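Numbering (our numbering), first residue to last: 213 to 684. Every residue, glycine too, gets a C-beta built ideally from N, C-alpha and C. The model shown is predicted, which means the values in this text are computed figures rather than measured ones.
Structure representation (structure tokens):
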């Protein structure tokens with residue numbers, strides 16, 4: 213209950229600053245390109261029987277036991293496996309995040325595992341160790357996801373113990389005004405946390421792009437880049453360890469177990485579905501759409517390398533453009549909503565519709581000369597970023613409007629699981645499509661469905677009905 217200090221806030225921001233490069237650099241660029249490149253080097257051409265190169269794997273394959281795999285598909289499968297395990301871990305550790313006094317230790321511990329995995333890529337000293345690279349990727353991504361469960365659990369605690377919120381409690385502020393103060397403080401803390409995270413990612417991308425220029429277009433340059441991001445992560449963890457207070461949560465209810473309590477809570481939340489039909493329609497549409505948004509990144513990176521012949525530096529450049537465009541897009545679309553006085557649902561539908569243009573162009577490119585130049589792919593990345601941040605923000609706001617008072621944390625926990633836990637489907641399906649067709653472009657058909665179905669579901673959402681259901 214002690215007031216949050218400025219150093220404690222900096223400790224909170226420091227974790228995002230240090231950890232976000234893992235998602236933006238290691239998992240988005242280094243790991244998939246490294247996995248595809250290593251397996252391409254141990255593959256043979258299905259037609260000629262000759263060894264394959266790192267930029268020509270459309271007709272190449274290799275074997276794991278008796279299973280015949282394409283290098284691009286392998287990279288997508290590894291991502292799918294790591295995210296599927298993440299979904300289970302999200303639920304399993306949420307009780308540890310919300311209850312007891314282990315939150316800070318587990319935040320730092322899971323972060324350390326992720327940072328060590330980044331450095332462990334240096335141990336992949338030859339192409340035949342692609343299996344080791346895959347294991348490192350899975351462990352790193354799972355521990356990273358777990359760390360963010362503990363990280364997000366700090367947000368409501370820091371908000372409730374902010375000096376402004378504590379003063380409002382003491383001064384007898386009305387319930388309505390108190391709610392506004394809590395929302396403002398929480399939104400500021402969350403927004404600045406995201407901003408520090410994106411700032412760290414942009415700086416890390418610039419550094420790793422410089423490494424790729426200095427070392428040339430090789431898998432080892434990606435391993436060096438990943439290791440440097442691991443050191444970056446260590447620095448963020450050190451600042452968090454120094455300044456972020458433990459802030460223990462309440463004990464578990466009597467008779468409950470850490471192993472089962474989280475699963476019981478999720479089951480009880482799902483049982484609310486018949487009473488909160490509109491909120492669950494939004495949750496379902498986000499489950500599908502968030503998978504599509506995550507898959508776009510994985511497909512774009514591998515598409516750039518295998519279909520367009522992008523160098524490592526050029527791939528990093530696309531990854532650098534996207535978060536910059538996301539920042540601009542967030543401000544732009546907020547102004548559009550304000551100027552035209554559009555409702556949140558309307559903004560979600562507009563942005564969802566605009567997003568469908570990307571997979572439509574991808575499908576058209578199978579049969580025409582569209583999306584066959586590097587300049588087009590740079591525009592693709594900027595357009596994706598320009599819509600991404602705003603769409604995520606408006607979706608979260610629309611969902612929040614339909615939640616019962618006092619159950620926000622419970623439902624946002626499910627929202628977080630939906631957001632991160634669905635992202636295994638796209639890589640798995642696109643990997644299978646690529647395996648079958650030998651062209652990653654056919655994966656755009658799946659992405660089109662991933663955006664079109666949520667668009668229809670969002671048209672069916674009745675926000676006013678959802679608000680009434682939350683109050684009943």
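Asked	Found
Alpha helix (DSSP H) runs contained entirely in the region 470–546, provided each spans 4 or more residues	473–482 and 489–518
Beta-carbon proximity list for residue 589, same chain, < 8 Å, skipping 5 on both sides	512, 515, 516, 520, 522, 530 and 583
Cβ shell of residue 239 (< 7 Å), same chain only, five flanking positions each side left out	353
Limits of the alpha helix (DSSP H) - the one that residue 359 falls within	342–372
CA-to-CA distance, residue 247 to residue 346, given in whole angstroms	7 Å
Pick from 380, 299 and 656 that is closest to residue 577, judged by C-alpha positions	656
Secondary structure of residue 172, DSSP reduced to three states	For residue 172 there is no data in the structure shown, the boundaries of the chain being 213 and 684.
Spatially closest choice to residue 679 from 492, 463 and 316, by CA coordinates	492
For residue 565, the first and last residue of its enclosing alpha helix (DSSP H)	556–567
Residues near residue 371 by beta carbon distance below 7 Å, same chain, minus five either side	377, 394, 397, 398 and 401
Limits of the beta strand (DSSP E) - the one that residue 276 falls within	272–276
Anticipated Cβ contact below 8 Å, residue 324 with residue 449, distance rounded	6 Å
Exposure label - residue 483; buried when at least 16 CB within 10 Å	exposed
Contacts around residue 232, its chain only, beta-carbon distance under 7 Å, and the 5 residues preceding and following it disregarded	409, 410, 412 and 413
Helix, strand or coil at residue 263 according to DSSP, with G and I counted as helix	strand
Residue from 478, 334 and 330 whose Cα sits closest to the Cα of residue 351	330
For residue 474, the nearest candidate out of 595, 622 and 567 (CA to CA)	622
Where residue 600 sits in the DSSP three-state scheme	helix
Whole-angstrom distance between residue 633 and residue 296, CA atom to CA atom	6 Å
Reference residue 309, options 612, 421, 365 and 534, closest by Cα	365
Exposure label - residue 348; buried when at least 16 CB within 10 Å	buried
Between the CA atoms of residue 571 and residue 662 - distance to the nearest angstrom	9 Å
Which listed residue (545, 317 and 407) has its alpha carbon closest to that of residue 228	407
Length at least 4, wholly inside the region 430–459: the alpha helix (DSSP H) runs in chain order	431–455
Residue 281 - partner residues in DSSP beta bridges	274
N-terminal and C-terminal residue of the alpha helix (DSSP H) that residue 657 is part of	655–672
Residue 424 - containing alpha helix (DSSP H), residue span	387–427
Per DSSP, the bridge partner or partners of residue 256	263 and 273
For residue 494 and residue 568, believed in contact at Cβ under 8 Å, the rounded distance	About 18 Å; that fails the 8 Å criterion.
C-beta contact flag for residue 499 and residue 356 at 7 Å	no
Anticipated Cβ contact below 8 Å, residue 643 with residue 243, distance rounded	About 14 Å separates the two Cβ atoms, so there is no contact after all.
Reduced DSSP category for residue 635 - H, G, I as helix; E, B as strand; rest coil	coil
When 312, 639 and 619 are compared against residue 461, the one with the closest alpha-carbon	312
Check whether residue 603 and residue 563 have beta carbons under 7 Å apart	yes
Reduced DSSP secondary structure (H/G/I, E/B, other) of residue 384	coil
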